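If you're matching them up, the sequences are chains A and B in order. Count along the first sequence starting at 1, add 1, and that's the number in the numbering used here. Count along the second sequence starting at 1, add 1, and that's the number in the numbering used here. By construction, the Cβ of each residue, glycine as well, lies at the ideal position given by its N, Cα and C atoms. Note that this is a predicted model, so its numbers are computed, not measured. Reading through the structure tokens given below for one structure.
Number of protein chains: 2
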Amino acid sequence: MQSVDKVVEKFKKSGLKITSQRIAIFSLLQEARNHPSAEDVYQEILKAYPTTSFTTVYKTLQILRDLGEIQELTLDKTRARYDPDVSEHIHTLCEHCGALADLHWSDFIMNNVRFYGSEKANFEVHRVQIYLIGICRKCRMKKWGLQE
Amino acid sequence: MQSVDKVVEKFKKSGLKITSQRIAIFSLLQEARNHPSAEDVYQEILKAYPTTSFTTVYKTLQILRDLGEIQELTLDKTRARYDPDVSEHIHTLCEHCGALADLHWSDFIMNNVRFYGSEKANFEVHRVQIYLIGICRKCRMKKWGLQE
DNA sequence: GTTGGTGCAAATAGTTTGCACAGTT
DNA sequence: AACTGTGCAAACTATTTGCACCAAC
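Written out as structure tokens, the structure reads:
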């Protein structure tokens, strides 16, 4: 996701209006590193703007997604989760604690996969999603009774 | 998924019972190449066994998943889809027609990704899921007005 | 003033569960 | 006979929509 200012510009250019709720949502997502669900974003926004509704959060997330400012992750079967980092990167999902995390510096792999799909499979690749499902470092340490 | 006979054996060994409905579900999945949803399986089973209920299909799919005989794909936000091929392979999702397809001979890539996660990210990888989202060959041909 | 946004409440859709009866072992 | 499976209906949960009022432009 671009800076709040740029997103505001983008909204205006598209004929969309800027409200205090939307600014709050933009700002929150800007900082978010935990891949929040719509409900998560809503709960967080409530703290600062107790009058905001879930519907508003939901609709704004939709728009941001459609504008390509955030990406929707669907690995979690129960709820969609959002990532303000739209660059292609691998996600890890811990089966123990449910944490969804980013795996940076995975460009090489992502490019390989993309190439593979385009060249070998004759598929017009728009997006690549890679998920590693397993146990994160934290949970592994706990399992062995070690401190972090 | 293993052969129907082997799955039957596995069920019996686990103290689970074999019914005509379950045999029908096993057989159907054996042949399925279209990554059916629970509803898809149900509709198909109905043709041969009009008395079968959705609940039965649903519960049997759960068991098969838990036994590791089929894998649950969650890319499709609206419904879970099931793949009797539990080997790791890349899936493609066409944004146009919604088709979810397998990409075979992707072992090299899958192994690379797995290695990357384990070695570079210190993440205990249990499963890898890779999705390519874009436009399939069929829809691309149509777009250009070409025959298949 | 026009147009789009907000927020409530209700509709929708897939998933999941409780329970009485039936079938498998 | 004991125990699991089946199938109906209902509960649940996240998502999505209709609509009246409000706010940005």
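Given GLU89/B as reference, the closest of ASP108/B, GLY99/B, ASN123/B and ALA100/B once Cα atoms are compared | On the second sequence, residue 89/B is found 88 positions in, with the first residue counted as 1. That would be ASP108/B, whose Cα lies nearest to the Cα of GLU89/B.
Name the chain A residues whose beta carbon is nearer than 8 Å to that of GLN63/B?
-> Stepping through the second sequence from its first residue, residue 63/B is reached at position 62. Near GLN63/B there are no residues of chain A at all, since even the closest Cβ is about 12 Å away, more than 8 Å.
What separation, rounded to the nearest whole angstrom, lies between the Cα atoms of ASP41/A and TYR83/A?
-> For the purposes of this step, residue 41/A is taken as residue 40 along the first sequence, with counting starting at 1. For the purposes of this step, residue 83/A is taken as residue 82 along the first sequence, with counting starting at 1. Each residue's Cα considered, the two are about 10 Å apart.
Given a limit of 7 Å on CB to CB distance, which residues of the region 113 to 147 of chain B reach chain A?
-> ASN113, VAL114, TYR117, GLY118, ALA122, ASN123, PHE124, GLU125, VAL126, HIS127, ARG128, VAL129, GLN130, ILE131, TYR132, LEU133, ILE134, GLY135, ILE136, CYS137, ARG138 and ARG141
Listing by chain order, which chain A residues have their CB less than 7 Å from the CB of GLU96/B?
-> Taking the first residue of the second sequence as position 1, residue 96/B is located at position 95. Within chain A, the residues near GLU96/B are HIS127.
Can you tell me the Cα-Cα spacing of VAL8/B and ASN35/B, whole angstroms?
-> Looking up residue 8/B in the second sequence gives position 7. Looking up residue 35/B in the second sequence gives position 34. Rounded to the nearest angstrom, the two C-alpha atoms are 20 Å apart.
Which runs of the beta strand (DSSP E), 3 residues or longer, sit entirely within the region 57 to 116 of chain A?
-> Here the runs fully enclosed are 72 to 74, 82 to 84, 91 to 95 and 101 to 104.
Going along the region 60 to 87 of chain B in order, which residues come within less than 8 Å of chain A, judged by CB to CB distance?
-> GLU73, THR75, LEU76, ASP77, LYS78 and ALA81
Can you tell me the Cα-Cα spacing of LYS78/B and ILE26/B, whole angstroms?
-> Here residue 78/B refers to the residue found at position 77 when the second sequence is read from its first residue. Here residue 26/B refers to the residue found at position 25 when the second sequence is read from its first residue. If I take the Cα positions, the gap works out to 24 Å.
Would you say SER150/B faces chain A, with C-beta separation under 8 Å as the test?
-> Outside the modelled stretch of chain B, which goes from 2 to 149, sits residue 150/B, for which no answer is possible.
So which residues on chain B does THR93/A lean against when the C-beta distance must stay under 8 Å?
-> By one-based count along the first sequence, residue 93/A stands at place 92. The answer, in chain order, is GLY118, ALA122 and PHE124.
Could you please give the first and the last residue of the uninterrupted beta strand (DSSP E) stretch that includes GLU125/A?
-> Taking the first sequence and counting its residues from 1, the one referred to as residue 125/A is at position 124. Start and end: 125 to 136.
Would a C-beta distance cut-off of 8 Å place VAL87/A and GLN72/A closer than the cut-off?
-> Counting from 1 along the first sequence, the entry for residue 87/A is found at position 86. Counting from 1 along the first sequence, the entry for residue 72/A is found at position 71. For VAL87/A and GLN72/A, yes; Cβs fall inside 8 Å.
Selection from PHE124/B, GLN130/B and ILE134/B that minimises the alpha carbon distance to HIS127/A | Start at 1 with the first residue of the first sequence, and residue 127/A comes out as number 126. When only C-alpha atoms are compared, the closest one is ILE134/B.
Return no unless some Cβ of chain B is closer than 8 Å to the Cβ of LEU101/A.
-> In the first sequence, counting from the first residue as 1, residue 101/A sits at position 100. Closer than 8 Å: no.
Whether GLU70/A touches GLN3/A by CB criterion (8 Å) | In the first sequence, the residue the question calls residue 70/A occupies position 69. In the first sequence, the residue the question calls residue 3/A occupies position 2. Cβ atoms of GLU70/A and GLN3/A: closer than 8 Å.
Give the straight-line distance between the Cα atoms of SER38/B and ASP6/A, rounded to the nearest whole angstrom.
-> Stepping through the second sequence from its first residue, residue 38/B is reached at position 37. Stepping through the first sequence from its first residue, residue 6/A is reached at position 5. If I take the Cα positions, the gap works out to 42 Å.
From the DSSP output, in three-state form, read off SER15/A for me.
-> In the first sequence, residue 15/A corresponds to position 14, counting from 1. Coil.
How would you call GLY118/B, buried or exposed, if buried means at least 16 neighbouring beta carbons within 10 angstroms?
-> In the second sequence, the residue the question calls residue 118/B occupies position 117. Buried is the call here.
Mind checking whether HIS92/A and LEU68/A have CB atoms under 8 Å apart?
-> One-based indexing of the first sequence puts residue 92/A at position 91. One-based indexing of the first sequence puts residue 68/A at position 67. Contact annotation: HIS92/A and LEU68/A have beta-carbon atoms that are not nearer than 8 Å.
Which same chain residues, not among the five before or five after HIS97/B, have their C-beta less than 6 Å away from its C-beta?
-> By 1-based counting over the second sequence, the position of residue 97/B is 96. Excluding sequence neighbours, HIS97/B sits near ILE136 and CYS140.
Interfacial residues, the region 11 to 39 of chain B to chain A, with Cβ spacing under 7 Å = none
Opposite SER38/A in the DSSP bridges: which residues?
-> Within the first sequence, the letter at position 37 stands for residue 38/A. DSSP output for SER38/A lists ARG82/A as bridge partner(s).
Per-residue DSSP class, three states only, for MET2/A | Start at 1 with the first residue of the first sequence, and residue 2/A comes out as number 1. Reduced to three states, the DSSP call for MET2/A is coil.
By DSSP, does TYR1/B sit in helix, in strand, or in coil?
-> Within the shown structure, residues of chain B are numbered from 2 to 149, placing residue 1/B beyond reach of any answer.
Supposed contact pair LEU76/A and GLU132/A - C-beta distance, whole angstroms, cut 8 Å = Working through the first sequence from its first residue, we reach residue 132/A at position 131. Working through the first sequence from its first residue, we reach residue 76/A at position 75. According to the sequence shown, residue 132/A is Tyr rather than Glu. About 5 Å separates the beta carbons of TYR132/A and LEU76/A, which is inside the 8 Å limit, making them a contact pair.
Would DSSP call ALA49/A helix, strand or coil?
-> By one-based count along the first sequence, residue 49/A stands at place 48. DSSP places ALA49/A in helix when its eight states are reduced to three.
Just the Cα atoms here: how many angstroms apart are ASN123/B and GLN130/B?
-> Taking the first residue of the second sequence as position 1, residue 123/B is located at position 122. Taking the first residue of the second sequence as position 1, residue 130/B is located at position 129. One C-alpha to the other measures close to 18 Å.
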